[in-house]
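Engineer:
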Amino acid sequence: MWSSAREGEISHFDQLPLSVLTTATLDRIRRAVPGVPVDERRFRPNILVRTPPGTPAFVEDEWIGREATVGDTLRIAFLRSSERCVMTNQAQGDLPHSPLILRTITRVHDNRLDALARIVIPGTAGVGDRLVLDGTRAAAIAS
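Numbering (our numbering), first residue to last: 3 to 145.
1. Would you mind listing the beta strand (DSSP E) stretches within the segment 20 to 106 that are 3+ residues and don't spill past its ends, in chain order?
2. Please classify serine 21 as buried or exposed, where buried requires at least 16 other C-beta atoms within 10 Å of its C-beta.
3. With burial defined as no fewer than 16 other Cβ atoms inside 10 Å of the residue's Cβ, what is the status of aspartate 74: buried or exposed?
4. What's the gap between the Cα of alanine 26 and the Cα of alanine 119?
5. Within the chosen definition, does the segment 71 to 86 reach the segment 102 to 115 through at least 3 CB pairs nearer than 8 angstroms?
6. According to DSSP, what are the bridge partners of arginine 114?
Next comes the structure, spelled out in structure tokens:
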């Protein structure tokens with residue numbers, strides 16, 4: 003299970019409490035920079051949604067202004083996408099520095115990636131739980 007918490011020992015600017023990213027979007031960035039490791043850790047999403055094959059990249063944009071239930075009780079509201087900064091290029095653990103990451107996000111999606119959300123009703127969610135947008139089918143949470 004995951005829960006939100008402040009990252010007091012890491013200095014960075016977080017725009018809203020939750021960042022939600024899909025595997026469809028990650029796959030699009032990966033295709034644009036073959037040979038460069040594009041890993042979700044570069045983007046620090048709180049929720050990574052495993053999307054079914056055929057899901058369009060940047061589907062998160064369609065969620066802005068909507069709400070979703072994650073697991074049985076967590077309710078979130080999608081407010082906007084985030085503009086990405088140079089931190090996505092930085093070396094992180096086993097991920098090497100790569101300026102191509104931010105350039106690619108800028109080129110293919112106007113420097114925006116993910117959906118930022120706030121918590122409407124607190125709850126818990128775990129790996130494999132469903133994210134259900136109001137009026138749509140569910141997608142599994144990867145992590």
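We treat Cβ as the ideally placed atom computed from N, Cα and C, and that holds for glycine.
Structural biologist: With the given structure in hand:
1. 20 to 24, 49 to 52, 69 to 72 and 76 to 85
2. buried
3. In summary, aspartate 74 is exposed, with fewer than 16 beta-carbon neighbours lying within 10 Å of its beta-carbon over all protein chains present.
4. 18 angstroms
5. yes
6. Glu85
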